[in-house]
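Residue numbers (full-length UniProt numbering): 1 to 257.
To start, the structure itself, in structure tokens.
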């Protein structure tokens with residue numbers, strides 16, 4: 001099988017230290033996917049390209065006929081806003097979802113953008129932030145995809161106060177928490193999304209928590225709770241292995257593990 005051509009649609013720039021280390025979200029996701037592809041080299045599994053849809057919305061988007069899949073990254077921006085670049089992103093994702101050969105992955109902001117493209121409501125939650133390593137409960141469909149060895153939960157890094165309300169038509173819910181009922185969904189053969197951040201390392205989350213605490217965005221309680229859980233083991237690489245298998249075998253959404 002030739003490498004799958006994955007276009008990473010970069011909807012933001014990482015926090016400064018992470019950006020310097022990884023050179024944008026293309027590097028952050030390449031680091032995650034390389035660990036998920038091991039022991040195979042990433043280049044033999046995926047050809048990953050980066051496309052800055054914020055700074056260059058008029059020229060960033062690849063021709064859908066020239067790629068096999070897109071991944072929409074997280075972002076500090078609101079997926080429910082109507083900035084020109086956000087509207088262009090939603091429209092491009094909508095076209096990708098109906099393309100006969102392109103598969104779609106959405107992560108956090110990207111999960112919300114995919115849901116918006118499908119007509120679902122995205123809005124600010126009145127239940128506050130979910131941050132750092134958080135346990136999510138798998139649904140029956142989530143257990144089919146990720147429930148190897150009887151697994152009933154996934155622990156994933158979180159950084160959001162917005163969420164998707166309801167389940168887009170034609171999709172299956174994957175996981176939930178008390179604060180956020182929709183932690184991801186799958187459309188077999190077409191799309192898979194997650195509200196969390198499988199790509200975030202302990203260092204990236206620490207930098208985010210520290211910066212948002214210093215700015216006053218996070219209270220002492222949110223910061224301390226997040227820092228306490230940040231070093232906990234999480235399932236980011238495990239989830240990314242599922243992404244790769246979904247891209248390789250999109251019609252087998254119940255056989256990722």
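A virtual CB, placed ideally from N, CA and C, is assigned to each residue, including glycine.
Note that this is a predicted model, so its numbers are computed, not measured.
DSSP-derived helix/strand/coil call for residue 158: strand
Under 8 Å: do the segment 100 to 109 and the segment 193 to 200 share three or more Cβ pairs, one atom per stretch? yes
C-alpha distance - residue 134 paired with residue 160, whole-angstrom precision: 12 Å
Can you tell me where the alpha helix (DSSP H) holding residue 212 begins and where it ends? 202 to 214
Bridge partners of residue 191, per DSSP? 104 and 187
Using the C-alpha atoms, what's the distance from residue 4 back to residue 89? 22 Å
Taking the CB atoms as reference points, tell me whether residue 168 and residue 119 lie closer together than 8 Å. yes
Close Cβ partners of residue 231 (< 7 Å) along its chain, the five nearest in sequence each way excluded: 202
Pull up the distance between the alpha-carbon of residue 117 and that of residue 18, whole angstroms please. 29 Å
Would you say the segment 4 to 13 touches the segment 55 to 70, given that touching needs at least three Cβ pairs under 8 Å? yes
Should the segment 91 to 104 be regarded as contacting the segment 57 to 65, the criterion being three or more beta carbon pairs within less than 8 Å? yes
Of the choices 73, 42 and 182, whose alpha-carbon is the least far from that of residue 136? 182
Mapping the DSSP letters down to three states, classify residue 38 as helix, strand or coil. coil
Which residue's Cα is closest to the Cα of residue 177: 226, 155, 150 and 218? 155
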